[in-house]
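Since the structure comes first, as structure tokens, the remarks are kept for the end.
Residue numbers (the UniProt record's numbering): 1 to 207.
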């Protein structure tokens with residue numbers, strides 16, 4: 001593979017602890033206690049938006065208010081997010097081999113802030129964040145945008161993510177797919193490759 005399109009949360013960076021802490025606090029502020037492990041599985045299978053909408057509907061609460069509160073809380077915890085141990089080495093290896101790293105995330109430009117903080121941003125050709133207002137995964141619009149914007153050959157492009165929807169988005173865009181089974185959920189058996197450690201993807205590098 002020459003082009004690696006990366007999901008951010010749960011793939012390059014371990015941001016889920018901060019997300020879960022924010023969700024737990026939102027629930028507590030509204031008189032509910034949630035099971036963190038079960039909630040993590042739910043948001044990985046769907047999305048935080050889905051979870052908050054369900055939570056709001058079940059309790060007669062305003063979704064927009066909950067969503068704003070969650071994002072305000074999560075933003076205060078984002079600085080604690082760390083890249084996975086093998087993130088730096090793999091991104092650098094791809095870049096130095098003449099390959100391309102690209103970002104595709106539902107997060108806003110704060111993803112670039114973290115990549116820049118840790119010295120990774122220069123290893124990226126470009127990417128997609130929410131500021132572009134493209135359709136969310138599993139819709140292939142964001143991947144197709146990257147393919148067209150950077151003239152990428154789908155046959156040597158792989159979408160890498162930790163959720164089933166990342167893999168479905170890749171399939172919908174007709175690129176290769178790699179599932180990072182970081183939580184042992186085994187939720188995307190249809191992916192072209194499944195790895196438990198990011199560095200296992202190094203075998204795919206071919207610039």
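Backbone N, C-alpha and C fix where the C-beta goes; we use that ideal spot for every residue, glycine too.
Rounded to whole angstroms, the Cβ separation of residue 178 and residue 158 is 5 Å, and the two are in contact under 8 Å.
Residue pairing by DSSP puts residue 179 in a beta bridge opposite 161 and 194. For residue 128, the uninterrupted beta strand (DSSP E) run begins and ends at 124 to 128, by DSSP. Counting along the chain, residue 43 sits inside the alpha helix (DSSP H) bounded by residues 36 to 45. A buried status is given to residue 171, since no fewer than 16 other beta-carbon atoms sit within 10 Å of its beta-carbon.
Taken in chain order, the complete alpha helix (DSSP H) segments of 4 or more residues contained in the segment 66 to 138 are 87 to 96 and 110 to 117.
Around the beta-carbon of residue 204, 16 or more other beta-carbon atoms lie within 10 Å, marking it buried.
Between the beta-carbon of residue 156 and that of residue 1 there is about 6 Å, and that keeps the pair under the 8 Å contact cut.
Looking at the DSSP output, residue 13 bridges to 9 and 83. Residue 4 has 101 and 158 as its beta-bridge partners, per DSSP. When secondary structure is reduced to three states using DSSP, residue 49 falls in the helix class. In the DSSP assignment, residue 143 falls within the alpha helix (DSSP H) that extends over 141 to 149. For residue 45, same chain residues with a beta-carbon under 6 Å away, outside a window of 5 residues either side, do not exist. Just so you know, the alpha carbons of residue 97 and residue 190 end up roughly 28 Å apart.
Cα atoms of residue 60 and residue 34: separation of roughly 17 Å, rounded to the nearest angstrom. Between residue 127 and residue 103, the gap from beta carbon to beta carbon is short of 8 Å.
By the Cβ-count criterion, residue 65 is exposed, with fewer than 16 other Cβ atoms from all chains shown falling within 10 Å of its own Cβ.
Counting only residues of its own chain and dropping the five nearest sequence neighbours on each side, residue 142 has a CB closer than 6 Å to the CB of 104, 128 and 134.
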